[in-house]
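Let me begin by presenting the structure, written as structure tokens, before commenting on it.
Number of protein chains: 2
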Amino acid sequence: MSGPLDDASRRFLETQPVGTLTTLRSDGKARSSVVYFTLEGDRIRISTVAKRAKARDVTRTGWASFCVMGHEKPFPSLSVEGPARIVTRDIGPATAALLEKITGKTPDAVPTDEQLAVGGRVILEIDVERVYGVSYVS
Amino acid sequence: MSGPLDDASRRFLETQPVGTLTTLRSDGKARSSVVYFTLEGDRIRISTVAKRAKARDVTRTGWASFCVMGHEKPFPSLSVEGPARIVTRDIGPATAALLEKITGKTPDAVPTDEQLAVGGRVILEIDVERVYGVSYVS
Numbered sequence: 031m032s033g034p035l036d037d038a039s040r041r042f043l044e045t046q047p048v049g050t051l052t053t054l055r056s057d058g059k060a061r062s063s064v065v066y067f068t069l070e071g072d073r074i075r076i077s078t079v080a081k082r083a084k085a086r087d088v089t090r091t092g093w094a095s096f097c098v099m100g101h102e103k104p105f106p107s108l109s110v111e112g113p114a115r116i117v118t119r120d121i122g123p124a125t126a127a128l129l130e131k132i133t134g135k136t137p138d139a140v141p142t143d144e145q146l147a148v149g150g151r152v153i154l155e156i157d158v159e160r161v162y163g164v165s166y167v168s
Numbered sequence: 031m032s033g034p035l036d037d038a039s040r041r042f043l044e045t046q047p048v049g050t051l052t053t054l055r056s057d058g059k060a061r062s063s064v065v066y067f068t069l070e071g072d073r074i075r076i077s078t079v080a081k082r083a084k085a086r087d088v089t090r091t092g093w094a095s096f097c098v099m100g101h102e103k104p105f106p107s108l109s110v111e112g113p114a115r116i117v118t119r120d121i122g123p124a125t126a127a128l129l130e131k132i133t134g135k136t137p138d139a140v141p142t143d144e145q146l147a148v149g150g151r152v153i154l155e156i157d158v159e160r161v162y163g164v165s166y167v168s
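Chains A and B, in that order, are what the protein sequence lines are.
All residue numbers for the first sequence refer to this note's numbering, where the first residue is 31 and numbers rise by one.
All residue numbers for the second sequence refer to this note's numbering, where the first residue is 31 and numbers rise by one.
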């Protein structure tokens with residue numbers, strides 16, 4: 031079982047809290063923002079809101095790129111890309127895991143899909159299909 | 031004289047050493063990598079090599095996006111975009127300023143364009159035309 035991520039890359043992604051998500055706008059240009067993420071298997075998961083531009087980009091294009099950097103010299107980095115989608119069902123555990131990463135606290139309860147839907151909260155999920163850039167990750 | 035960057039944004043960009051450069055590939059998808067940069071006026075400057083994919087993307091599309099993040103919670107960030115180009119003339123001072131940022135040492139001499147041309151070294155320059163995302167920058 032060899033996926034796109036080798037052990038060093040996986041370790042690196044697991045230790046970093048945030049990365050730069052890049053999606054494609056309807057005018058064909060790129061849109062980037064810094065977001066918290068989790069890696070589960072070969073998937074990157076991000077919590078966002080359905081009406082946000084990044085979510086709409088992913089719904090329209092089915093693709094995203096994600097670039098993660100370390101925070102000290104020599105600023106190791108890893109860039110990945112792959113099919114992406116917006117998920118609204120069974121997203122309580124993934125959302126709770128992201129909240130824990132953001133707040134540093136374990137949530138009291140895993141939210142239900144119904145609770146998350148009230149605020150339009152969704153999971154933006156990227157399949158890591160390809161690692162296209164890597165620097166100083168070892 | 032009010033440009034796209036307010037004082038807080040300018041200060042933030044001036045204190046960060048690296049950012050995520052995003053260019054557009056020939057297949058229309060986005061390519062991101064972490065690079066050192068300097069801000070001079072309303073221009074972001076990056077030292078790269080002409081044959082690198084990011085330089086070729088910029089030559090082909092005339093556009094780039096740049097996303098800078100702070101390295102501690104709450105991970106402040108700023109995303110900008112604008113016209114971009116590859117510059118090969120009078121790039122010694124900009125290249126020296128970037129080398130100083132990368133190595134932490136003032137170079138012994140400012141390289142000449144001829145010296146830089148030997149290694150294919152160029153400046154990738156982005157006009158900050160628009161700030162399209164900002165979080166926790168104050």
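Quick reminder that beta carbons are idealized off the backbone N, C-alpha and C, glycines included.
Exercise. May I have the straight-line CA-CA distance separating Lys81/B from Gly150/B, to the nearest angstrom?
Key: For the purposes of this step, residue 81/B is identified with residue 51 of the second sequence, where counting begins at 1. For the purposes of this step, residue 150/B is identified with residue 120 of the second sequence, where counting begins at 1. C-alpha separation (whole angstroms): 7 Å.
Quiz item: List, in order along the chain, the chain A residues whose C-beta lies closer than 7 Å to that of Gly163/B?
Solution: For the purposes of this step, residue 163/B is taken as residue 133 along the second sequence, with counting starting at 1. Near Gly163/B (Cβ distances below 7 Å), the residues of chain A are Ser63.
Self-check item: Nearest neighbour of Val15/B, chosen from Glu144/A, Leu128/A, Val98/A and Lys84/A [CA to CA]
Solution: Any property of residue 15/B remains undetermined from this structure, which presents chain B solely from 31 to 168.
Self-check item: Neighbour list for Glu159/B in chain A, Cβ cutoff strictly below 9 Å
Solution: Sequence index remark: in the second sequence, residue 159/B carries index 129 (1-based). Per Cβ cutoff of 9 Å: no residues; Glu159/B is ~12 Å from chain A at best.
Practice problem: Quick one: residues in its chain with C-beta nearer than 8 Å to the C-beta of Met31/A, no 5 flanking neighbours on either side, listed in chain order? | Solution: Here residue 31/A refers to the residue found at position 1 of the first sequence. Note on Met31/A: pLDDT 46, under 50, position unreliable in the model; no value is reported.
Quiz item: With 8 Å set as the bound, which would you pick, yes or no: does the beta-carbon of Ala147/B sit closer than that to a beta-carbon of chain A?
Solution: Stepping through the second sequence from its first residue, residue 147/B is reached at position 117. Output row for Ala147/B: interface = no.
Practice problem: On the DSSP bridge assignment, give the partners of Gly49/B in chain order. | Solution: Working through the second sequence from its first residue, we reach residue 49/B at position 19. According to DSSP, Gly49/B bridges with Val65/B.
Practice problem: Please compile the residues from chain B whose C-beta is within a distance smaller than 7 Å of the C-beta of Phe105/A. | Solution: Stepping through the first sequence from its first residue, residue 105/A is reached at position 75. By Cβ distance, chain B contributes Val48 and Val64.
Exercise. Output the distance between the C-alpha atoms of Ser109/B and Tyr162/B, rounded to the nearest integer angstrom.
Key: Counting from one through the second sequence, the residue named residue 109/B turns up at place 79. Counting from one through the second sequence, the residue named residue 162/B turns up at place 132. Near 6 Å, if we compare the C-alpha coordinates of Tyr162/B and Ser109/B.
Exercise. Could you name each continuous beta strand (DSSP E) segment of 3 residues or more that falls completely within the stretch 101-138 of chain B, going from the start of the chain to the end?
Key: 107-117
Practice problem: Specify whether the stretch 144-159 of chain A and the stretch 58-71 of chain B touch according to this definition: at least 3 beta carbon pairs, one from each stretch, less than 8 Å apart. | Solution: no
Practice problem: Establish whether the CB of Lys81/A and some CB of chain B are separated by less than 8 Å. | Solution: As a position in the first sequence, residue 81/A is number 51, starting the count at 1. Taking Cβ atoms only, chain B never reaches closer than 8 Å to Lys81/A, which makes this a no.
Quiz item: Beta carbon of Leu54/A, beta carbon of Ala60/A: below 8 Å?
Solution: For the purposes of this step, residue 54/A is taken as residue 24 along the first sequence, with counting starting at 1. For the purposes of this step, residue 60/A is taken as residue 30 along the first sequence, with counting starting at 1. Yes.
Quiz item: Which residues in the same chain have their Cβ closer than 8 Å to the Cβ of Val164/B, if we skip the five residues on either side of it in sequence?
Solution: The residue given as residue 164/B occupies position 134 in the second sequence. Taken in chain order, the residues that qualify are Ser39, Ser107, Leu108 and Ser109.
Quiz item: Quick one: what does DSSP say Asp36/B is sitting in, helix, strand or coil?
Solution: Stepping through the second sequence from its first residue, residue 36/B is reached at position 6. Note: Asp36/B maps to coil in three-state DSSP.
Quiz item: Taking just the CA atoms, how far does Glu44/A sit from Thr91/B?
Solution: Indexing the second sequence from 1 puts residue 91/B at position 61. Indexing the first sequence from 1 puts residue 44/A at position 14. Near 34 Å, if we compare the C-alpha coordinates of Glu44/A and Thr91/B.
Quiz item: From Ala94/A to Arg86/A, what distance separates their C-alpha atoms?
Solution: Position 64 of the first sequence, counting from 1, holds the residue named residue 94/A. Position 56 of the first sequence, counting from 1, holds the residue named residue 86/A. Distance between the alpha carbons of Ala94/A and Arg86/A: 12 Å.
Quiz item: Using the beta-carbon count (16 or more within 10 Å), is Glu111/B buried or exposed?
Solution: If you number the second sequence from 1, residue 111/B lands on position 81. The residue is buried, with at least 16 neighbouring Cβ atoms inside 10 Å.
Quiz prompt | Range covered by the alpha helix (DSSP H) that runs through Asp57/A | solution = In the first sequence, counting from the first residue as 1, residue 57/A sits at position 27. Careful: Asp57/A lies outside any alpha helix (DSSP H) and carries neither H nor E.
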